[in-house]
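**Q** According to the working numbering, the residues represented by the sequence shown are 2 to 231, in order.
For every residue, glycine included, the Cβ atom is placed at its ideal position computed from N, Cα and C.
None of the values given here were measured: they were computed from a predicted structure.
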Amino acid sequence: MAAAAGKPDAAGATREDTMRLAAGLARLPALISVDVEGGFSEDPGEVAALAAELAEAGVAGLNIEDGRPGGTLAGRDRQCALIAAIKDVVPGLFVNARTDVFWFAATEPGWSGDPEGAWRGPLAVALERVRAYRDAGADGVFVPGAGDEPAIAALAAGVDAPLNILFTPGGPSVARLRELGVRRVSCGSLLFRAALHNAVELAWAAAHEEVVAAGLPSYAQAQALADAFG
Numbered sequence: 002m003a004a005a006a007g008k009p010d011a012a013g014a015t016r017e018d019t020m021r022l023a024a025g026l027a028r029l030p031a032l033i034s035v036d037v038e039g040g041f042s043e044d045p046g047e048v049a050a051l052a053a054e055l056a057e058a059g060v061a062g063l064n065i066e067d068g069r070p071g072g073t074l075a076g077r078d079r080q081c082a083l084i085a086a087i088k089d090v091v092p093g094l095f096v097n098a099r100t101d102v103f104w105f106a107a108t109e110p111g112w113s114g115d116p117e118g119a120w121r122g123p124l125a126v127a128l129e130r131v132r133a134y135r136d137a138g139a140d141g142v143f144v145p146g147a148g149d150e151p152a153i154a155a156l157a158a159g160v161d162a163p164l165n166i167l168f169t170p171g172g173p174s175v176a177r178l179r180e181l182g183v184r185r186v187s188c189g190s191l192l193f194r195a196a197l198h199n200a201v202e203l204a205w206a207a208a209h210e211e212v213v214a215a216g217l218p219s220y221a222q223a224q225a226l227a228d229a230f231g
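1. Determine the direct distance from the alpha carbon of L26 to that of N165, and round the result to whole angstroms.
2. Output the residue ranges of the beta strand (DSSP E) runs that lie fully inside the segment 84-110 and measure 3 residues or longer, sorted by chain position.
3. DSSP state of L26, grouped into three classes?
4. What are the residues that DSSP puts in a beta bridge with D36?
5. Is it buried or exposed, F230, if we count other Cβ atoms within 10 angstroms and call 16 or more buried?
6. Suppose the cutoff is 8 Å on Cβ atoms and the five residues either side in sequence are ignored; what does the same chain contact list for W112 look like?
7. Based on Cα-Cα distance, which residue from C81, A206, D101 and F168 lies nearest to G72?
8. Is G141 helix, strand or coil by DSSP?
9. When DSSP labels each residue in this structure, what does V131 get in the three-state scheme?
10. Evaluate E211 with the Cβ neighbour count: other Cβ atoms within 10 Å of its Cβ, from every protein chain shown; 16 or more gives buried, anything less gives exposed.
11. Measuring straight from C-alpha to C-alpha, what distance separates P173 and P145?
12. Could you tell me whether the Cβ atoms of V35 and A53 are closer together than 8 Å?
13. Can you list, in chain order, the residues of its chain with a C-beta nearer than 8 Å to that of P116? Leave out the 5 residues immediately preceding and following it.
14. CA-CA distance, G59 and F41?
15. Using the beta-carbon count (16 or more within 10 Å), is T19 buried or exposed?
16. What first and last residue would you give for the beta strand (DSSP E) that runs through Q185?
17. Locate the alpha helix (DSSP H) running through L192, then write down its first and last residues.
18. Less than 7 Å between C-beta atoms, sequence neighbours within five positions excluded: which residues of the same chain meet that for G182?
19. Let me know if G46 comes out buried or exposed under the rule of 16 or more other beta-carbons within 10 Å of its beta-carbon.
20. Once the 5 residues before and after G114 are set aside, which same chain residues still bring their CB inside 7 Å of it?
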């Protein structure tokens, strides 16, 4: 959404763009889930109001992340407050609570009684966060960046909520993710990046008089999609 609008990602700059797109997509005969970054606000009331707007537009769920600009994580309690506020105002909205622990390789100090002063790695931190988010009311949890099978299996077994994993080329297949206990799979920016790549490849092929791929939708078919969007 941010790239298409010419704005920075994860900087809280796309609230209006996101709402406009969500309202159009919600008209489709499908369950629409919307990524709202960190909620476009740190105020629980404002984030809950955003969720209410989405629900009124017909959106079925949302992703809300704890990653913040500059590669930092929101405080766990603060993030729990945002999730709880959403569920209090719109209890029927599916809240998919995302933690960016693996992307930021986040670690935190060990428990207070640890004589070694050990630091817990990303898996332990992620488990603690998704359990807290579940307790705050999240219906599902999303842990992008967890790519190796042992970590994915541990996450699936370690939290009483559907686990969402980001599909990555070269990583576990969808079938394998299902075997590991994953219940939701996201593509993130993959489809958008693939579309950009294919557009450039097509333009290059035309410029160099190479065969242009067949099977593309017609102009009329593409225009007909606007009718569904409304």
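**A** The short version:
1. 21 Å
2. 95-99
3. helix
4. N64
5. exposed
6. For W112, the pLDDT reaches just 47, beneath the cut-off of 50, and the residue's location in the model is therefore unreliable, although a value from the coordinates is still provided. Same-chain partners within the cutoff: there are none.
7. D101
8. strand
9. helix
10. exposed
11. 13 Å
12. no
13. Because the pLDDT at P116 is just 47, under 50, the model does not fix this residue reliably, and the value given afterwards should be weighed accordingly. Hits under 8 Å: none found.
14. 20 Å
15. buried
16. The sequence given here places Arg at residue 185; Gln does not occur at that position. Per DSSP, R185 belongs to the beta strand (DSSP E) from R185 to S187.
17. L191 to A208
18. A154, A157, A158 and L164
19. exposed
20. Low confidence applies here, because G114 scores a pLDDT of 49, under 50, leaving its location unreliable and the question unanswered by this model.
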